[in-house]
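Undergrad: Numbering (the numbering used here), first residue to last: 166 to 340.
The beta carbon of each residue, even a glycine, is placed where N, CA and C say it ideally should be.
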Amino acid sequence: MKRIMIGMAIAMLGGEIACAGALPDNLSYDPSTKTGTIWPKPIKGSGELSYKNHRQDLSRWVSLSYAETRDANRPVTVKALPKGKGDPARGKKLAFNKKKGNCVACHRLPGKTQFGTGGPSLVGYHKLGRDDTWIYQQVFDARVHNPVTIMPPYGTNKYLSEQELLDLVAYLKTI
Ligand code: HEC
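1) Suppose the cutoff is 6 Å on Cβ atoms and the five residues either side in sequence are ignored; what does the same chain contact list for residue 233 look like?
2) Tell me which residues pass a beta-carbon proximity test against the ligand HEC: closer than 7 Å to any heavy atom, given in chain order.
3) Tell me the DSSP secondary structure of residue 286 in three-state form.
4) Are the segment 239-258 and the segment 308-322 touching by the rule of at least three beta carbon pairs closer than 8 Å?
5) For residue 318, count neighbouring C-beta atoms within 10 Å of its own C-beta (all shown protein chains included) and say buried if the count is 16 or more, exposed if not.
6) Determine whether the beta carbon atoms of residue 249 and residue 327 lie at a separation below 8 Å.
7) Rounded C-beta distance between residue 220 and residue 198? I'm assuming under 8 Å.
8) Do you know how far the Cα of residue 331 is from the Cα of residue 286?
9) What is the DSSP secondary structure of residue 253, counted as helix, strand or coil?
10) Could you give the residue range of the beta strand (DSSP E) that holds residue 203?
11) In this structure, how does DSSP classify residue 259 when only helix, strand and coil are distinguished?
12) With H, G and I counted as helix, E and B as strand and the rest as coil, what does DSSP make of residue 327?
13) Where do the ends of the alpha helix (DSSP H) carrying residue 301 lie?
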């Protein structure tokens, strides 16, 4: 079985991971794979799981696991919008891109028939009339609006750049 428990993974890397803080012991991690993170895939008709390399190293971010012991980055309040102009077309691509915003994992967005329901539908979002700074803050770090949100802090965790966040704000105002 490919699944290596984290204790072992840390031992194999000689403490390299330990510096980043102890990872939860229920994280699927295999340091011999490209991104370290592995992903279960059922083997059809067998009742067994195989593990594939995940496209990203998910251990970079703290998880919502009860076994998580690492501290999350503190919530960051945005004081003012960064300079620049958002592009709605680029924002749409980011929202649908699994390697970028992947907002459709939780939100319904226009034109998408398969979406997650962890967050509210954003179809018709412009009708809420939120101002740009509020929306920017929401995507930069939603914890400022709701301390127990499950929405990832894209800005604080440096997952999306300021320009990408502006693009998303511009897109959200068009839907
Ligand atoms: C893991 C699930 C998840 C992901 C991924 C996610 N969101 Fe959210 N989002 C939520 C939840 C849940 C809420 C409802 C408010 C809350 O619980 O904090 C929310 C609320 C929002 C709101 C606020 C709606 C309002 O009240 O004005 C906006 C805007 C938003 N999300 C945009 C985005 C964008 C853009 C992305 C992608 C970059 C994204 N979300 C990714 C879960 C998610």
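TA: By the coordinates alone:
1) 189, 227
2) 259, 260, 266, 267, 268, 270, 271, 272, 281, 283, 284, 285, 287, 290, 293, 295, 300, 303, 304, 307, 310, 311, 314, 315, 316, 317, 319, 325, 333, 337
3) coil
4) yes
5) buried
6) yes
7) Contact flag wrong, Cβ pair sits at about 11 Å.
8) 20 Å
9) helix
10) 203-208
11) helix
12) helix
13) 297-305
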